[in-house]
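S.K.: Quick one: this structure, given as structure tokens, is what I'll be asking you about.
Numbering (the working numbering), first residue to last: 823 to 1712.
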């Protein structure tokens, strides 16, 4: 066979087009030729063994790829014309389309239930092939072509030529040229449903003049997208962590059985999205401190606490069965999660089931298939978990052996006859159970038309299995966090290691690609936690407790001369040392100033002091005050923290000759000590550094990583883009068609106090609160003056705002959010319940999931209502259904 590839693409001098083909599973590249730099072609002589192959085009300069087509939907090379030996293909270049969301599994698999079919073979001597993308089709619809020629139905939709969906949203049809009355096609595409109803595409009729063709010839035309006169879909949803779910049958914490029930409840009200928090294993200490779901020990493994025990075989021992049921009922009656008791109970129960059923289950074909698919991460995870429990710590640097993963041990750990396998097989069993149950929940959601939306945490625990297995991907001499914001005045220190992106980019970010692909087994949409971290991460020294001494990494540090160019008289020693003077100490510590000088400070010069060596870092101060509970001691400790962070500049972590302005330095004493002209110069430098200097640089950093990741799967990509957002973030998100997060209380427009919901972009997720924020009811009572302004200026109501928030007003606020232009409106379960005063918790503060300013927060919020009872509450369910329907979210 001979294939003639043709595509129009305007290049500039030095660029050339490359054809990238996947034929019979093999990747090959061919340079294309051109005469004018606009029309490119390549002839390939070959006979693929497979009938279905794919290819894409890319732009190359000096041997390096500078641009490529959208990878999620490649061109199809279907060799289904049995008599064709000469294929001429006229293709179109495909960037990420504006409606790329319609190609996501969220829409194709969950909402529209569109699945590609098989292109049938035929024996036409001369073939015209039409290929068109039609992402606007909805459930039960198919595409057809109808035209002037009798072979195309003579404009009768009842005789339209049916097409085949050869790839997601891409339809094709082969036309037998010998059956055409004329050598000219005039046609349109139409959408047909099971009721034979027809929707014609918009625009003028399409036309193709058929050239003279020899027998054995196929000419393929890839046409512009078929547009139907349809509005954009808007969907509603609920955010609730799995651990927060409550049913009559769960065991003190939400599980994957409860998740199925919650999917049913969501679907019953017309909602299409159920958003979860991370479900990864976080077991570090086996204590409540492991409740933090964003500190995972494996980006692949699922937390054992989510196992649905009722979906497992029953315990055969009647006494043990009765004891387990008694404990389950006691745990389930608790108002909040008792993390330690729940996990002890579940692990013990899983051990009993393993002893009873495990050997047989591990011999099953299903387990063997699971093991084969997951072996790359499952084997080291199981050994890590075994060693963590054996040595009583997850800090592998303290283990007497196995301080790093040894790939040579994989063989014995995978051999069911070996001693090593026997030691870890329980962890294989648990992950097999969890994988089976979560996949079943995912399949249930798809069948119900509900999009399960997961969460990609930005970091991993410092002592995680991921760091143990592949330490080259992590920088352990820094801590990831976030600069000061509305959540935390001192910044957030998550304690995670930062990523070694230089090493990750060497293999095309394979660790991330594997992570996303694993997640796509369970979800059809996901939230990128702290997407700003892919542009730059807030990197904090390991000896810091707070985030104030951090710096963005990577970032373009400033030389001393650059700093002086802003008009600031740069004094390196004065500006990079903690600014500690008598007047500062008196202002901070009052009557205890002399005590602080004597115990914690040494004289540096005539004006300044310095911290004693034993307390010259926040971590040393933290250790000194460990266990302190008295308020006076906590106050003193926090004062010493503040002294240490009172600098104007921090040195670059990698190049000590470069400097970064310290975040929020304007609120500290060293800034107060400056002359007014120096303050003005610092502010100019500060604003330029944080909001302009790094924009192009960070844009380039993000574009090295995110395109690979968002195209690794077909999940719908949403991002948490809150915080100190540089201008380059919306550039990248618009280019990659990532959904933004929009909160009316945290507008992205700095000129307004509250966002205007009508201005939300369509490609966004609208919400009122997240797991890191106060709920709507808490926010309402948090700042009375702010609430009053919101009540008068945004809700357009007169008089004083009522407190606490009444149900009717909560309903009004939610209804306004539902009618916003955002594609998704996803509200927390607490905010949905706020509309019904008979259902919601009397104490609004009991609804809070997390307090970001407290790194030791106990994540234990659980619904106070059973899902079964909530689903039977007709008044509440009808209210939700009506609100969602009236807002056009269906």
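Built from N, CA and C at the ideal position, the CB exists for glycine as well.
Quick test of the definition: if touching needs 3 or more C-beta pairs under 8 Å, does the stretch 1202 to 1219 touch the stretch 1288 to 1306?
M.R.: yes
S.K.: Okay, do the stretch 1394 to 1407 and the stretch 1461 to 1475 touch, 3+ Cβ pairs below 8 Å being the bar?
M.R.: With the cut-off at 8 Å, the stretch 1394 to 1407 and the stretch 1461 to 1475 touch.
S.K.: Of all the alpha helix (DSSP H) runs that stay within the bounds of the stretch 1352 to 1430, which reach a length of 4 or more residues?
M.R.: Secondary structure in the stretch 1352 to 1430: the alpha helix (DSSP H) runs of 4 residues or longer, each lying completely within the stretch, are 1382 to 1387, 1394 to 1398, 1404 to 1411, 1415 to 1422 in chain order.
S.K.: What do you get for residue 1482, buried or exposed, if any count of 16 or more other CB atoms within 10 angstroms of its CB means buried?
M.R.: For the purposes of this step, residue 1482 is identified with residue 660 of the chain shown, where counting begins at 1. So residue 1482 ends up on the buried side.
S.K.: With a CB to CB cut of under 7 Å and the five nearest residues on each side skipped, what residues in its chain are close to residue 822?
M.R.: The structure shown does not extend to residue 822, since the chain is modelled only from 823 to 1712, so the question has no answer here.
S.K.: Are at least three pairs of beta-carbons, each pair with one atom in the stretch 1095 to 1108 and one in the stretch 1130 to 1150, less than 8 Å apart?
M.R.: At 8 Å Cβ cutoff, the stretches do not touch.
S.K.: Is the beta carbon of residue 1563 sitting closer than 8 Å to the one on residue 1542?
M.R.: Translated into the one-based positions of the chain shown, residue 1563 becomes position 741. Translated into the one-based positions of the chain shown, residue 1542 becomes position 720. Going by C-beta atoms, residue 1563 is nearer than 8 Å to residue 1542.
S.K.: Leaving out five residues on either side along the sequence, give the residues of the same chain with a beta carbon under 6 Å from the beta carbon of residue 928.
M.R.: What you label residue 928 is simply residue 106 of the chain shown in a count that begins at 1. Correct list, in chain order: 1273, 1346, 1347, 1538.
S.K.: So which of 840, 991, 1531 has the shortest CA-CA distance to residue 883?
M.R.: Position 61 of the chain shown, counting from 1, holds the residue named residue 883. Closest option to residue 883, Cα to Cα, is 840.
S.K.: With distances taken from CA atoms, which of 874, 1556, 894, 1285 is nearest residue 900?
M.R.: Here residue 900 is taken as the residue at index 78 of the chain shown, counted from 1. Ranking 874, 1556, 894, 1285 by Cα distance to residue 900 puts 874 first.
S.K.: Skipping 5 residues on each side, what residues in its chain have a beta carbon closer than 6 Å to that of residue 1054?
M.R.: Reading the chain shown from its first residue, position 232 is the one you call residue 1054. So the list reads 1584, once near-sequence residues are dropped.
S.K.: Keeping to the same chain, check which residues put their C-beta closer than 7 Å to that of residue 850; ignore five residues upstream and five downstream.
M.R.: By one-based count along the chain shown, residue 850 stands at place 28. Answer for residue 850: 843, listed in chain order.
S.K.: Determine the DSSP secondary structure at residue 1004, reduced to helix, strand or coil.
M.R.: By 1-based counting over the chain shown, the position of residue 1004 is 182. In the structure shown, residue 1004 sits in coil (DSSP, three-state: anything other than H, G, I, E or B).
S.K.: Nearest to residue 1342 by alpha carbon, out of 1377, 1277, 1364?
M.R.: Within the chain shown, residue 1342 is the residue found at index 520, counting from 1. Answer by Cα proximity: 1277.
S.K.: Rounded to the nearest angstrom, what separates residue 1751 and residue 1486 at their Cα positions?
M.R.: Any question about residue 1751 goes unanswered here, given that the chain covers just 823 to 1712.
S.K.: In whole angstroms, what is the alpha-carbon distance linking residue 1035 and residue 957?
M.R.: Within the chain shown, numbered from 1, the residue matching residue 1035 stands at position 213. Within the chain shown, numbered from 1, the residue matching residue 957 stands at position 135. For residue 1035 and residue 957, the distance between alpha carbons rounds to 32 Å.
S.K.: Which term fits residue 1155, buried or exposed, when burial requires 16 or more other beta carbons within 10 angstroms of its beta carbon?
M.R.: For this step, residue 1155 is matched to residue 333 along the chain shown. It counts as exposed.
S.K.: Less than 8 Å between the C-beta atoms of residue 1307 and residue 1545, yes or no?
M.R.: As a first step, residue 1307 must be located in the chain shown, where it is residue number 485. As a first step, residue 1545 must be located in the chain shown, where it is residue number 723. Taking 8 Å as the Cβ cut-off, residue 1307 and residue 1545 qualify as a contacting pair.
S.K.: Which residue marks the beginning of the alpha helix (DSSP H) containing residue 873, and which one marks its end?
M.R.: To locate residue 873, count along the chain shown from 1; it is residue 51. No alpha helix (DSSP H) contains residue 873, which DSSP labels as neither H nor E.
S.K.: With DSSP as the reference, identify every bridge partner of residue 1113, one or two as the case may be.
M.R.: Numbered from 1 along the chain shown, position 291 holds the residue referred to as residue 1113. Residue 1113 is not bridged to any residue.
S.K.: For residue 1412, is the classification buried or exposed, using 16 other Cβ atoms within 10 angstroms of its Cβ as the cut-off for buried?
M.R.: Looking up residue 1412 in the chain shown gives position 590. Residue environment analysis places residue 1412 among the exposed positions, since fewer than 16 neighbouring C-beta atoms fall within 10 angstroms of its C-beta.
S.K.: With distances taken from CA atoms, which of 976, 1081, 972, 830 is nearest residue 1689?
M.R.: Here residue 1689 refers to the residue found at position 867 when the chain shown is read from its first residue. Closest in C-alpha terms to residue 1689, from the list 976, 1081, 972, 830, comes 1081.
S.K.: Rounded to the nearest angstrom, how far is the Cβ of residue 1422 from that of residue 1440, given a contact under 8 Å?
M.R.: On the chain shown, residue 1422 is found 600 positions in, with the first residue counted as 1. On the chain shown, residue 1440 is found 618 positions in, with the first residue counted as 1. The Cβ separation is near 13 Å, so there is no contact.
S.K.: If you draw a straight line from the C-alpha of residue 935 to the C-alpha of residue 1059, how long is it?
M.R.: For the purposes of this step, residue 935 is identified with residue 113 of the chain shown, where counting begins at 1. For the purposes of this step, residue 1059 is identified with residue 237 of the chain shown, where counting begins at 1. Taking the straight line from one Cα to the other gives about 18 Å.
S.K.: Going straight from the alpha carbon of residue 1592 to that of residue 1692, what length do you get?
M.R.: Residue numbering aside, residue 1592 sits at position 770 when the chain shown is read from its first letter. Residue numbering aside, residue 1692 sits at position 870 when the chain shown is read from its first letter. Distance between the alpha carbons of residue 1592 and residue 1692: 22 Å.
S.K.: For residue 1303, which residues does DSSP report across the bridge?
M.R.: Taking the first residue of the chain shown as position 1, residue 1303 is located at position 481. Looking at the DSSP output, residue 1303 sits in a beta bridge with 1315, 1360.
S.K.: For residue 937, count neighbouring Cβ atoms within 10 angstroms of its own Cβ and tell me buried if that reaches 16, exposed if not.
M.R.: In the chain shown, residue 937 corresponds to position 115, counting from 1. With fewer than 16 neighbouring CB atoms inside 10 Å of its own CB, residue 937 falls in the exposed class.
S.K.: Expressed to the nearest angstrom, what Euclidean distance is found between the alpha-carbon atoms of residue 1550 and residue 1280?
M.R.: Locating residue 1550 in the chain shown gives position 728, where the first residue counts as 1. Locating residue 1280 in the chain shown gives position 458, where the first residue counts as 1. Using only the alpha carbons, I get a separation of about 19 Å.
S.K.: Kindly indicate which three-state DSSP category residue 1615 falls into: helix, strand or coil?
M.R.: Position 793 of the chain shown, counted from the first residue, corresponds to residue 1615. Residue 1615 falls in the helix class under three-state DSSP.
S.K.: Return the bridge partner residues of residue 1481 from the DSSP annotation.
M.R.: The residue given as residue 1481 occupies position 659 in the chain shown. Paired residue(s): 1380, 1473.
S.K.: Starting from the C-beta of residue 1061, find all residues in its chain whose C-beta is less than 6 Å away, skip the five residues before and the five after it, and write them out in chain order.
M.R.: Translated into the one-based positions of the chain shown, residue 1061 becomes position 239. Correct list, in chain order: 1097, 1648, 1650.
S.K.: I'd like to know if the stretch 1238 to 1256 and the stretch 912 to 925 are in contact, where contact means that at least 3 CB-CB pairs between them fall below 8 Å.
M.R.: no
S.K.: To the nearest angstrom, report how far apart residue 1076 and residue 1117 are at their CA atoms.
M.R.: Position 254 of the chain shown holds residue 1076. Position 295 of the chain shown holds residue 1117. C-alpha separation (whole angstroms): 19 Å.
S.K.: In whole angstroms, what is the alpha-carbon distance linking residue 1335 and residue 1533?
M.R.: If you number the chain shown from 1, residue 1335 lands on position 513. If you number the chain shown from 1, residue 1533 lands on position 711. So the two alpha carbons sit approximately 9 Å from each other.
S.K.: In whole angstroms, what separates the C-alpha of residue 1484 from that of residue 866?
M.R.: By one-based count along the chain shown, residue 1484 stands at place 662. By one-based count along the chain shown, residue 866 stands at place 44. The straight-line gap from Cα to Cα measures roughly 59 Å.
S.K.: What are the uninterrupted segments assigned as beta strand (DSSP E) that are 3 or more residues long and contained completely in the stretch 1563 to 1634, given in chain order?
M.R.: 1586 to 1589
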